[in-house]
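Residue numbers (my numbering): 1 to 94.
Cβ atoms here follow ideal geometry from the backbone N, Cα and C, with glycine treated the same way.
Here's the structure, in structure tokens; my notes come after.
Shown next, in the form of structure tokens:
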């Protein structure tokens, strides 16, 4: 089971990804972490990451979940903004 973290939920669905933009899509990032080389040390020399070992379909599925979650968050933010604007237009503001 994969849970969306705050970082993942604030991800733009098709923007260049990673700190340096080295991956074009979240699917590419998912595939990278699925096939991660365990022997390659982290920047500080530790081996802290393990490959996710996703199936061939799962990187795309996870990217789709991320995209759907992103659009839901946009819709909720838009709805909250509209409520605040409507409230400000009324005399008895919230």
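{"query": "What residue from 24, 80 and 50 has the CA that sits closest to residue 36's CA?", "result": "50"}
{"query": "Do the segment 77-85 and the segment 47-65 make contact, defined as three or more Cβ pairs closer than 8 angstroms?", "result": "no"}
{"query": "Rounding to the nearest angstrom, what Cα-Cα distance links residue 27 and residue 40 in this structure?", "result": "21 angstroms"}
{"query": "Take residue 33 and list the residues in its own chain whose beta-carbon comes closer than 6 angstroms to its own, dropping the five residues that flank it on each side.", "result": "52"}
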